[in-house]
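Using the numbering used here, count along the sequence shown one by one with no gaps and you end on 166.
A virtual CB, placed ideally from N, CA and C, is assigned to each residue, including glycine.
A quick write-up on the structure given underneath.
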Amino acid sequence: MGVTGCGKTAVGTLLARKLSARFIEGDRLHPEANVAKMASGIPLDDEDRAGWLNTIGGAIADEVRAGELVVATCSSLKRIYRDRLRSFAPDLVFVHLVLSREESWRRVSSRPGHFMPASLVDSQFATLEPPAADEASITMDATLPLDQIVYELASNFAPLSSCPQA
């Protein structure tokens, strides 16, 4: 989880591979209307995100029911979004990839072919509610080398092979 450009897809892909887990890319599950809205520079609201979160939560729950370890990417910016995902899979552990607004903007503005424009970076930070102390989560510095982030996360999750991660 985290704001746009924090590395969710890169970290999630490599972590899933390292843990031999199923990978769910949340951005690919956005309905076309959400993608069009963001591509035109309009931030999503809670209503826009509700169905998308249900789709991600359902996909996670399906994998968990099948006995699979799962790594999923989703911005999960607000607690109510994380609570919605946990309603599908109560044992979710969220990895919050943290970076500055400036670094997010730099990464997003240099990312070719993605629907999320850099003009939405500020809205992501305005919406962000970092996980609270009572939420199962790990906070990671998203500016660390990718292999270091994945190594540290894999070390945390290896003993939890029955626990889904998002």
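Would you kindly check if the distance between the Cβ of residue j and the Cβ of residue i is under 7 Å?
i    : j    : result
L69  : L19  : yes
R99  : A142 : Checking the sequence shown, residue 99 turns out to be Leu, not Arg. Yes, the Cβ-Cβ distance between L99 and A142 is below 7 Å.
A33  : F23  : no
S137 : P145 : no
Q124 : V3   : yes
G41  : S110 : no
Within a Cβ cutoff of 8 Å, which residues of the same chain sit near residue i, ignoring the five residues on either side of it in sequence?
i    : result
C74  : M1, K8, G26, L53, I56, Y81, L85, A166
G51  : P31
A154 : L15, K18, L19
A21  : L15, E68, L69, V70, V71, Q165
A133 : none
Looking at C-alpha atoms only, which residue of the options is the closest neighbour of residue i?
i    : options               : result
P43  : I149, M140, V121, G51 : V121
A59  : S40, D48, R28, K37    : R28
D62  : S87, G12, R101, L14   : S87
E135 : F94, F157, A154       : F94
To which residues of the same chain is residue i closer than 7 Å at the C-beta, ignoring the five residues directly before and after it?
i    : result
K78  : T127, E129
T13  : F23
T207 : Any question about residue 207 goes unanswered here, given that the chain covers just 1 to 166.
A66  : none
S76  : M1, R82, L85, F94, A166
What residues in its chain sit with their C-beta under 6 Å from that of residue i, if we drop five residues either side in the sequence?
i    : result
S162 : At S162 the pLDDT is 44, less than 50, meaning the model places this residue with poor confidence; the figure from the coordinates comes in the next sentence. Answer for S162: no residue qualifies.
G5   : S104, R107, V108
D48  : N34
R101 : F125
I149 : V11, M140
Legend entry - Completely contained alpha helix (DSSP H) runs for the stretch 100-149, where each covers 4 or more residues: The qualifying runs are 101-109, 121-127.
Inset, instruction - Identify every run of the beta strand (DSSP E) within the stretch 34-78, keeping only runs that are complete inside it and at least 3 residues long; order them along the chain. - result: 70-73
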